[in-house]
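K.L.:
Residue numbers (this note's numbering): 35 to 500. For each residue, glycine too, the CB sits at the ideal point set by N, CA and C. Quick caveat, the model's predicted, so the values are computed rather than measured. Here's a structure for you.
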């Protein structure tokens, strides 16, 4: 079966035919690094990580670009509210994002460009649009530059809207616009309210990029004027992706062949977002479940299906994943040589628009059969099932033996384990002292010390350190 993907632009599930056989170019809209990432953010990252892994597993070399918006109205507003430099806030939130994605085993992109590092490419693209008659500098002295939506007859084709039916673009003061739906490509520096560090020189005066233009410029730089797949959350279809496509094609760039959009994770029926105040921040969620269990929860739902988040559902999902782990833990000492192989049913599910619910069902089928075989001891059939489960989990980024999981949060977890073990020995030592069995008490202390742990007796009880 050929990989088929649901293309938002055509609203059809189409055979995936890359521009260059055996190679796939993917651009995914990353986050505006204004605050800590929540579960809704990492869903998109996990969904497109699965796409990337499946393409690689089926023999494609993948160029995966995921941007970061590191200058934006929201970043300027939040940094001002917090009394910190905008670039300090963006940098700190970028570190939070990196930690969150590492905690759920999202592979680093091939490259992760930021808007502030690509101002020359952005200015060049804006100049091309002006030269082609699709953009103009505002005449009000603001230094703003706008895309002229009326100049591009195909504007609205991605989301199938007519310009007349669209709301005005709310990304800039409408005074300098020819049409209220024209959107900002360049925002002139507002000396009275914005720090000078948030501006760069341009032919139209100091300023900074608009939100939409950065992705067109960076996709073009790293993937070329035409590439295979553009991805992002469903909420980005309009205006962001509509504007990206219009400005790119108006500049003579074919842009993306396929558009893929993941659905929301909702809470109480509303999109999970920062502004609603119902965000589930990743560190808080990982106090309840492990990163691998959170990833399983996200993967088990189809990327185009809305998910209503609840901790009850998350914990039930974690229990299901532990059943898979339990099989692997019990089978590993029993199986001999094994080979990774994927059942046809799993391949068919993944080729059907990344049908992860059906793919996960295949994993559980193999686990059930593996448990049945395990009761009879070692066999070639058991080794085959073990290899199947490992191969399928690898594709989904869920193999517990992956080195990535060994390093995620291992320091805190090991501290808890060592603390429990040492406390148990100290309780034995206390019991020996109570019984005046000084030889045993000293032997336990020496055993602890030999392991590299120092014990100090204090008035409030023994304390230990490595």
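Could you round the C-beta distance between residue 321 and residue 355 to whole angstroms and report it? I think they count as a contact, below 8 angstroms.
P.N.:
The count along the chain shown starts at 1 and reaches residue 321 at position 287. The count along the chain shown starts at 1 and reaches residue 355 at position 321. Between residue 355 and residue 321 the Cβ distance is about 17 angstroms, and since that is not below 8 angstroms, they are no contact.
K.L.:
Would you kindly report the start and end of the unbroken beta strand (DSSP E) that includes residue 39?
P.N.:
Residue mapping note: residue 39 aligns to position 5 of the chain shown, counting from 1. 38-41 is the extent of the beta strand (DSSP E) around residue 39.
K.L.:
Is the beta carbon of residue 222 closer than 8 angstroms to that of residue 204?
P.N.:
Taking the first residue of the chain shown as 1, we reach residue 204 at position 170. Taking the first residue of the chain shown as 1, we reach residue 222 at position 188. No, the pair does not count as a contact, with Cβ atoms beyond the cut-off.
K.L.:
For the putative contact between residue 152 and residue 255, defined by C-beta atoms under 8 angstroms, what is the C-beta separation to the nearest angstrom?
P.N.:
For the purposes of this step, residue 152 is taken as the residue at position 118 of the chain shown. For the purposes of this step, residue 255 is taken as the residue at position 221 of the chain shown. With 8 angstroms as the limit, residue 152 and residue 255 qualify as a contact, their Cβ atoms being about 7 angstroms apart.
K.L.:
Please report the residue range of the alpha helix (DSSP H) in which residue 109 lies.
P.N.:
Counting from one through the chain shown, the residue named residue 109 turns up at place 75. Segment 107-116, the alpha helix (DSSP H) holding residue 109.
K.L.:
Near residue 466, what residues of its chain come up, given a Cβ to Cβ distance below 8 angstroms and the 5 sequence neighbours on each side ignored?
P.N.:
As a first step, residue 466 is located in the chain shown; it is residue number 432 there, counting from the start. 472, 474, 475, 478, listed in sequence order.
K.L.:
Just to confirm the assignment, what range does the beta strand (DSSP E) spanning residue 496 have?
P.N.:
Counting from one through the chain shown, the residue named residue 496 turns up at place 462. Looking at the DSSP string, the run of the beta strand (DSSP E) that includes residue 496 is 495-499.
K.L.:
Roughly how many whole angstroms lie between the Cα atoms of residue 409 and residue 439?
P.N.:
What you label residue 409 is simply residue 375 of the chain shown in a count that begins at 1. What you label residue 439 is simply residue 405 of the chain shown in a count that begins at 1. Cα to Cα, residue 409 sits roughly 29 angstroms from residue 439.
K.L.:
With 16 other CB atoms within 10 Å as the buried threshold, where does residue 373 fall?
P.N.:
Locating residue 373 in the chain shown gives position 339, where the first residue counts as 1. Looking at its Cβ environment, which holds fewer than 16 other Cβ atoms inside 10 Å, residue 373 is exposed.
K.L.:
In chain order, what residues of the same chain have a beta carbon less than 8 angstroms from the beta carbon of residue 146, not counting five sequence neighbours either side?
P.N.:
Within the chain shown, numbered from 1, the residue matching residue 146 stands at position 112. Excluding sequence neighbours, residue 146 sits near 64, 99, 100, 101, 102.
K.L.:
Between residue 391 and residue 335, how many whole angstroms is the CB-CB distance? I'm expecting something under 8 angstroms.
P.N.:
As a first step, residue 391 must be located in the chain shown, where it is residue number 357. As a first step, residue 335 must be located in the chain shown, where it is residue number 301. So it is a contact: roughly 7 angstroms between Cβ atoms.
K.L.:
Count the other CB atoms, across all protein chains shown, that sit within 10 Å of the CB of residue 376; report buried if there are 16 or more and exposed otherwise.
P.N.:
For the purposes of this step, residue 376 is identified with residue 342 of the chain shown, where counting begins at 1. It is buried - the Cβ of residue 376 has at least 16 other Cβ atoms within 10 Å.
K.L.:
For residue 122, collect the residues of the same chain with a Cβ closer than 8 angstroms to its Cβ; drop the 5 residues on either side in sequence, then sort them by chain order.
P.N.:
Taking the first residue of the chain shown as position 1, residue 122 is located at position 88. Cβ neighbours of residue 122 beyond the five flanking positions: 113.
K.L.:
Looking only at its chain, what residues have a beta carbon closer than 6 angstroms to the beta carbon of residue 278, apart from the 5 residues adjacent to it on each side?
P.N.:
To locate residue 278, count along the chain shown from 1; it is residue 244. For residue 278, where only same-chain residues beyond five positions count, the Cβ hits under 6 angstroms are 246, 249, 250.
K.L.:
Examine the Cβ distances between the segment 72-89 and the segment 124-141 and report whether three or more of them are shorter than 8 angstroms.
P.N.:
Enough Cβ pairs lie closer than 8 angstroms, so yes.
K.L.:
Inspect the beta-carbon positions of residue 181 and residue 281 and report whether they are closer than 8 angstroms.
P.N.:
Residue mapping note: residue 181 aligns to position 147 of the chain shown, counting from 1. Residue mapping note: residue 281 aligns to position 247 of the chain shown, counting from 1. Closer than 8 angstroms, so yes.
K.L.:
Applying the criterion that 16 or more other CB atoms from any shown protein chain within 10 Å of the CB defines a buried residue, is residue 523 buried or exposed?
P.N.:
Absent from the structure is residue 523, since the part of the chain shown begins at 35 and ends at 500.
K.L.:
In three-state DSSP terms, what is residue 370?
P.N.:
On the chain shown, residue 370 is found 336 positions in, with the first residue counted as 1. Coil.
K.L.:
If I measure Cβ to Cβ from residue 253 and keep anything under 6 angstroms in the same chain, skipping five residues before and after, which residues do I get?
P.N.:
Within the chain shown, the letter at position 219 stands for residue 253. Same-chain partners within the cutoff: 61.
K.L.:
Do you know whose CA, among 468, 456, 469, lies nearest residue 480's CA?
P.N.:
Numbered from 1 along the chain shown, position 446 holds the residue referred to as residue 480. Comparing Cα positions, the closest option is 456.
K.L.:
Nearest CA to the CA of residue 284: which residue from 70, 159, 363?
P.N.:
Taking the first residue of the chain shown as 1, we reach residue 284 at position 250. The shortest C-alpha separation from residue 284 is found at 159.
K.L.:
Based on DSSP bridge pairs, tell me the residues matched to residue 326.
P.N.:
On the chain shown, residue 326 is found 292 positions in, with the first residue counted as 1. Looking at the DSSP assignment, residue 326 forms no beta bridge with any residue, so it has no partner.
K.L.:
Alpha carbon to alpha carbon, what distance is there between residue 387 and residue 47?
P.N.:
Taking the first residue of the chain shown as 1, we reach residue 47 at position 13. Taking the first residue of the chain shown as 1, we reach residue 387 at position 353. Distance between the alpha carbons of residue 47 and residue 387: 7 angstroms.
K.L.:
Hey, how far is the Cα of residue 501 from the Cα of residue 462?
P.N.:
The first residue shown for the chain is 35 and the last is 500, placing residue 501 beyond what the model contains.
K.L.:
Who pairs with residue 57 in a beta bridge, going by DSSP?
P.N.:
Taking the chain shown and counting its residues from 1, one reaches residue 57 at position 23. According to DSSP, which records beta bridges pairwise, residue 57 is partnered with 54, 95.
K.L.:
Looking at the structure shown, is residue 223 part of a helix, part of a strand, or coil, going by DSSP?
P.N.:
Residue numbering aside, residue 223 sits at position 189 when the chain shown is read from its first letter. Three-state DSSP puts residue 223 in coil, outside helix and strand.
K.L.:
Relative to the C-alpha of residue 347, which residue among 363, 301, 369 is closest?
P.N.:
As a working note, residue 347 is residue 313 in the chain shown. Ranking the options by Cα distance to residue 347, first place goes to 301.
K.L.:
Buried or exposed for residue 209, please, with buried defined as at least 16 other CB atoms from any protein chain shown within 10 angstroms of its CB.
P.N.:
Mapped onto the chain shown, residue 209 falls at position 175. Residue 209 comes out exposed.
K.L.:
If you pair each beta-carbon of the segment 287-302 with each one of the segment 258-273, do three or more pairs fall below 8 angstroms?
P.N.:
Segments in contact, yes.
K.L.:
When we look at the beta-carbon of residue 233 and count the other beta-carbons within 10 Å, is it buried (16 or more) or exposed?
P.N.:
Taking the first residue of the chain shown as position 1, residue 233 is located at position 199. Classification for residue 233: buried.
K.L.:
From residue 271 to residue 403, what distance separates their C-alpha atoms?
P.N.:
One-based indexing of the chain shown puts residue 271 at position 237. One-based indexing of the chain shown puts residue 403 at position 369. Residue 271 and residue 403: Cα-Cα distance of roughly 43 angstroms.
K.L.:
Apart from the five residues just before and just after residue 163, which ones in its own chain have a Cβ nearer than 8 angstroms to its Cβ?
P.N.:
Start at 1 with the first residue of the chain shown, and residue 163 comes out as number 129. Closer than 8 angstroms at Cβ, skipping near neighbours: 169, 181, 219, 281, 284, 285.
K.L.:
What number of angstroms, rounded off, separates the C-alpha of residue 54 from the C-alpha of residue 194?
P.N.:
Here residue 54 is taken as the residue at index 20 of the chain shown, counted from 1. Here residue 194 is taken as the residue at index 160 of the chain shown, counted from 1. Taking the straight line from one Cα to the other gives about 29 angstroms.
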